[in-house]
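Read through the structure below, which is laid out as structure tokens, and then see the notes.
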Amino acid sequence: MKIVIDVGVIGLAQLFETARTGIYRVISSLALELLARDDLDLYFSSLSSLQVNQLTDHYLAEKNFAAKSFPKNWFEQTLISLAGCSHETKQESITAKVLSKLYRMSLSRRIGKKADLFHSHYSSLPCFCSRQHPVRMLTIYDIIPLIHPEYFADGFVDEFRPIVESFSPQNDFLFTISECTKNDICTYFQMDPERVFVTPLAASPDLYYPVRDNALIAEVKKKFLIPEGRYFLTLATVEKRKNLKTSMSCFREILKEPGCDDLSFVLVGTQGWKVKEILKEINDDPLLRNRVIFTGFVPDHYLSALYSGAEAFLYLSLYEGFGLPPLEAMQCGLPVIASNTSSLPEVVGDAGILLDPQGKEQICQAMLTLLENRELRNDYVRKGLARAGNFSWRRCAEQTAAGYQRAWDGR
């Protein structure tokens, strides 16, 4: 069985550093695990632009997997030469866009003829016109824009819809990352659960681990302008769904408690929808103004130190497809306070404190308890590390390979 996987997000992330989050981490980590297996006839490609395809090939070559790039014919090689794509150029010219369209048409046609199974990790599934087209599989990380459009800016749902509408619930197969999202998909699309395979994610151990070096933690805090003293941490895009107003409200109450005047709240992440409203509320509050630290995007290699130096991790999101940040926090030995909604109980289990994301009184009490009760905090550290050990990219790759076989058998 010849499998072709669209991993264009990897190429895109070589162009924009801020794209190296979330889905990029998932695809790059899983791809390397899949490539390490000897039971899969596997090739990678990108049905995105010529530039992204070149950058994807460059990434594979750097990882010594150039041979796993889906081979290009003379026509596609000619288009690449004509486009003259540069790794430094962010925007394609009009000519390059036309050439990219021709390239996608040619590549899609050949994949349709040569592949037995095609798997897209994020982009819309192509329509293969060959008589014996490959089994099509799509990974859907969540369908929150469809079931909770109120959490997104105008226009985002319209951009998201073509991706999830590119598959046929009756004929194609899906991967997703939690039982919660599988249930959402099967309900929304009236899809047979046997056609949806759950492959829980993982936190890469080379990126997320407990840091015991206090000097290193202090150095990283200084780099991101985090004041001396203790801090709570969250990692999220600043947007409505992440429920940051509740986090800020609870933190404000904690600052009023005796002995808590050294605390900061550190928010790691890029700015999303309606961020100005949240920033204004914080800047207008004299109690929060100098105690809430927005770091913006933080490169991966600094995250373990930031996780390890915190008192606790708050993740009060209103809805998640999985919830990688709490898993990363647990793997770094940081106690987690998270929402008891959507997929988060699947990730955190009994290794963290799960609460109603709108229950401010209970959230404040949990924050105070972790500050004051070191024995209990240490217990959650141990539980979190053990819980994180249940998730690995190798296991995710095994479940993915099993999904390929089940889809092939059920075609």
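So the sequence shown is numbered by our numbering: it starts at 4 and just counts up by one. Using N, Cα and C, we set each Cβ at its ideal position, and we do this for glycine too.
Neighbourhood of residue i by C-beta distance below 7 Å, restricted to the same chain and skipping five residues each side
{"i": "G272", "result": "L238, A239, T240, V241"}
{"i": "H151", "result": "Y322"}
{"i": "S395", "result": "A205"}
{"i": "A400", "result": "L33, E36, L37, R40"}
{"i": "L228", "result": "I296"}
Host beta strand (DSSP E) of residue i (start-end)
{"i": "K5", "result": "5-9"}
{"i": "R139", "result": "138-142"}
{"i": "L45", "result": "44-48"}
{"i": "T344", "result": "Where T344 is concerned, there is no enclosing beta strand (DSSP E), given that its DSSP letter is neither H nor E."}
{"i": "S123", "result": "120-123"}
{"i": "I356", "result": "356-358"}
{"i": "F192", "result": "Premise fails: F192 lies in the alpha helix (DSSP H), 182-192, not in any beta strand (DSSP E)."}
{"i": "F200", "result": "199-201"}
Sequence-distant residues of its chain with Cβ nearer than 8 Å to residue i (five each side left out)
{"i": "K363", "result": "T249, S252, C253, E256"}
{"i": "C189", "result": "D195, P196, V199"}
{"i": "A389", "result": "A354"}
C-beta contact flag for residue i and residue j at 7 Å
{"i": "I355", "j": "A341", "result": "Ile is not the amino acid found at residue 355; the sequence shown has Gly there. Their beta carbons are under 7 Å apart, which means G355 touches A341 by this criterion."}
{"i": "H122", "j": "M140", "result": "yes"}
{"i": "Y211", "j": "S311", "result": "no"}
{"i": "L120", "j": "I6", "result": "yes"}
{"i": "M333", "j": "G387", "result": "yes"}
{"i": "Y27", "j": "A34", "result": "no"}
{"i": "L418", "j": "R233", "result": "Examination of residue 418 is not possible in this model, given that the chain is present from 4 through 414 alone."}
{"i": "L327", "j": "F297", "result": "no"}
{"i": "Q365", "j": "L358", "result": "yes"}
{"i": "L82", "j": "Y106", "result": "yes"}
{"i": "A206", "j": "L330", "result": "yes"}
{"i": "S320", "j": "C183", "result": "no"}
{"i": "S127", "j": "I166", "result": "yes"}
{"i": "I8", "j": "S31", "result": "no"}
{"i": "A69", "j": "A86", "result": "no"}
{"i": "S181", "j": "E349", "result": "yes"}
Residue i: first and last residue of the uninterrupted alpha helix (DSSP H) it sits in
{"i": "F254", "result": "247-258"}
{"i": "Y318", "result": "Looking at the DSSP string, Y318 is not in any alpha helix (DSSP H); the run it does join, the beta strand (DSSP E), is 315-318."}
{"i": "I30", "result": "26-38"}
{"i": "T372", "result": "363-375"}
{"i": "T179", "result": "No alpha helix (DSSP H) contains T179, which is instead part of the beta strand (DSSP E) from 176-179."}
{"i": "F78", "result": "77-86"}
{"i": "N56", "result": "53-65"}
{"i": "Q402", "result": "396-412"}
{"i": "E162", "result": "159-167"}
Own chain partners of residue i with C-beta closer than 6 Å, once the 5 adjacent residues on each side are dropped
{"i": "S51", "result": "G11"}
{"i": "K185", "result": "T179, V199, V201"}
{"i": "F176", "result": "M140, R198, A410"}
{"i": "D145", "result": "T184, G324"}
{"i": "T142", "result": "H124, F178"}
{"i": "A118", "result": "K5, V7, P137"}
The segment 199-218 in contact with the segment 149-158 per 3-pair CB rule at 8 Å: no
In chain order, each beta strand (DSSP E) run of at least 3 residues that lies wholly inside the segment 265-307: 267-271, 295-299
Three or more C-beta pairs below 8 Å linking the segment 311-326 and the segment 335-350: Contact between the segment 311-326 and the segment 335-350 is present: 3 or more CB-CB pairs across the two stretches fall below 8 Å.
Within the segment 205-239, ranges of the alpha helix (DSSP H) (whole runs, at least 4 residues): 217-226
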